[in-house]
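>
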Amino acid sequence: MPRRIKRRSETIKPVGRTIASIRHGSAQDRGYDADWERIAKWRRQLDHHLCQECLKRGLHTSAKDVDHIIPIHVRLDWRLEIGNTQVLCRTHHRAKTECDKGLFGSSTDTNPSAIQQTRRDAVRRLQEPPRGPRGGSHPPGIVHCTAAYPTQARPRNWAPGGVNQ
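The letter at position 40 of the sequence shown is residue 40 when you use the UniProt record's numbering, and the numbering goes up by one with no holes.
1) What would DSSP say about residue 135, mapped onto helix, strand or coil?
2) Within 8 Å, do at least three Cβ pairs link the segment 38 to 50 to the segment 59 to 66?
3) One question on the structure: do residue 88 and residue 52 come within less than 8 Å of each other, judged by their Cβ atoms?
4) Alpha helix (DSSP H) containing residue 116: first to last residue?
5) What number of angstroms, rounded off, separates the C-alpha of residue 102 from the C-alpha of residue 96?
6) Following the continuous alpha helix (DSSP H) through residue 127, name the residue where it begins and the one where it ends.
7) Please tell me whether residue 92 and residue 54 are closer than 8 Å, where the distance is taken between their beta carbons.
8) State the CB to CB distance for the pair residue 104 and residue 119, rounded to an integer number of angstroms; the pair is presumed to be in contact (CB under 8 Å).
Dropping the structure here:
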């Protein structure tokens, strides 16, 4: 009876984390926590799970990736800002990420070029996120929802503690 040859997959065992995950940290280490998941879910609903770049070209492409329009390493305070998010297909998300690296440098870049630093500084002076404080999604009369409660739109006269102003 011939001897059974082991398949390569039987001899190589994964060790847990990949080189990329060790270098970049886990998703949670990079700021993608439960709060981000709520914002991402909300953005997918607002954009109807369609890639916004494909829509600009007249295509209807289902997408799952939620992108920060201004990278979070440039504007950390907009990490959970609905107006700084958009849904992109994987192809457009990767392309935009590469473009952002050229424009602003990467999140691990400790010494960005002078032009990249100038761009970072200009973006940091912006008062509102790219899609506006409401993310281009709320009807008039509804104020921007907070990151802690993204699915609960509040009337303009709402105040914390349930007391109207």
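We put the CB at the ideal spot given by N, CA and C, even for glycine.
With the given structure in hand:
1) The sequence position of residue 135 within the sequence shown is 135, counting from 1. Residue 135 falls in the coil class under three-state DSSP.
2) yes
3) For the purposes of this step, residue 88 is taken as the residue at position 88 of the sequence shown. For the purposes of this step, residue 52 is taken as the residue at position 52 of the sequence shown. Going by C-beta atoms, residue 88 is nearer than 8 Å to residue 52.
4) Your numbering for residue 116 matches position 116 in the sequence shown. 114 to 124 is the extent of the alpha helix (DSSP H) around residue 116.
5) As a working note, residue 102 is residue 102 in the sequence shown. As a working note, residue 96 is residue 96 in the sequence shown. The straight-line gap from Cα to Cα measures roughly 10 Å.
6) As a working mapping, residue 127 is identified with position 127 in the sequence shown. Where residue 127 is concerned, there is no enclosing alpha helix (DSSP H), given that its DSSP letter is neither H nor E.
7) If you number the sequence shown from 1, residue 92 lands on position 92. If you number the sequence shown from 1, residue 54 lands on position 54. For residue 92 and residue 54, yes; Cβs fall inside 8 Å.
8) Position 104 of the sequence shown, counting from 1, holds the residue named residue 104. Position 119 of the sequence shown, counting from 1, holds the residue named residue 119. The Cβ separation is near 6 Å, so the contact holds.
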